[in-house]
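Here is the structure we will look at, set down as structure tokens.
Shown next, in the form of structure tokens:
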């Protein structure tokens, strides 16, 4: 009888120790996860603020100049040395807002700049278009974004509208690059 009681007591103590150890391990894992999540969130927010600074610098370029051309845009982006200061940025672009009534004239103007196949994409009839007309580096897969209408996509459209309404950079939700 005493043997069974002792055995039961040992099993009970073992289960209690196991529960305590498991709880401690889970608490430590949760604490570590929460700490890592804060570090990664802060890293992401810092990176987004860096992007905002690039956009604010571009706004300064346009505010300080009467006419920013393609070559001036290229020199501005090159001067940022993003491959060194913010590696991973695939491109920095400028989008022009184009009312539907001006679409044909806009496309003709860009074609006259040496881009005979230029067209706002995706096709479709909309009241207002946006078109990426400057994008650096202007090579490789970035060429696919040339002429892209970000207003055609609801997530980008909403962010652009917020930026226009507030006169501040606006973050978008998740988007897929063109």
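Numbering (this note's numbering), first residue to last: 828 to 1005.
Built from N, CA and C at the ideal position, the CB exists for glycine as well.
Where residue i falls, given that 16 or more other Cβ within 10 Å makes a residue buried
i           : result
residue 828 : exposed
residue 860 : exposed
residue 976 : buried
residue 893 : exposed
residue 910 : exposed
residue 959 : buried
residue 922 : buried
residue 791 : Limits of the chain in this structure are 828 at one end and 1005 at the other, which puts residue 791 out of reach.
Pairwise C-alpha distance: residue j and residue i
i           : j           : result
residue 927 : residue 982 : 20 Å
residue 855 : residue 849 : 10 Å
residue 970 : residue 962 : 8 Å
residue 840 : residue 865 : 37 Å
residue 918 : residue 857 : 37 Å
residue 908 : residue 988 : 29 Å
residue 946 : residue 863 : 45 Å
residue 978 : residue 867 : 31 Å
residue 851 : residue 844 : 10 Å
residue 891 : residue 897 : 16 Å
DSSP-derived helix/strand/coil call for residue i
i            : result
residue 895  : coil
residue 974  : coil
residue 1005 : coil
residue 957  : strand
residue 948  : strand
residue 926  : strand
residue 850  : helix
residue 995  : coil
residue 980  : coil
residue 913  : coil
residue 1007 : Residue 1007 lies beyond the residue range present for the chain, which begins at 828 and ends at 1005; the question has no answer from this structure.
Residue i - partner residues in DSSP beta bridges
i           : result
residue 962 : 920
Subject >> Three-pair Cβ contact test at 8 Å for the stretch 928-944 versus the stretch 871-882 >> reply: Result no; under three Cβ-Cβ pairs closer than 8 Å.
**OP:** Determine contact between the stretch 898-905 and the stretch 947-967, defined as no fewer than three beta-carbon pairs at a distance below 8 Å.
**Re:** yes
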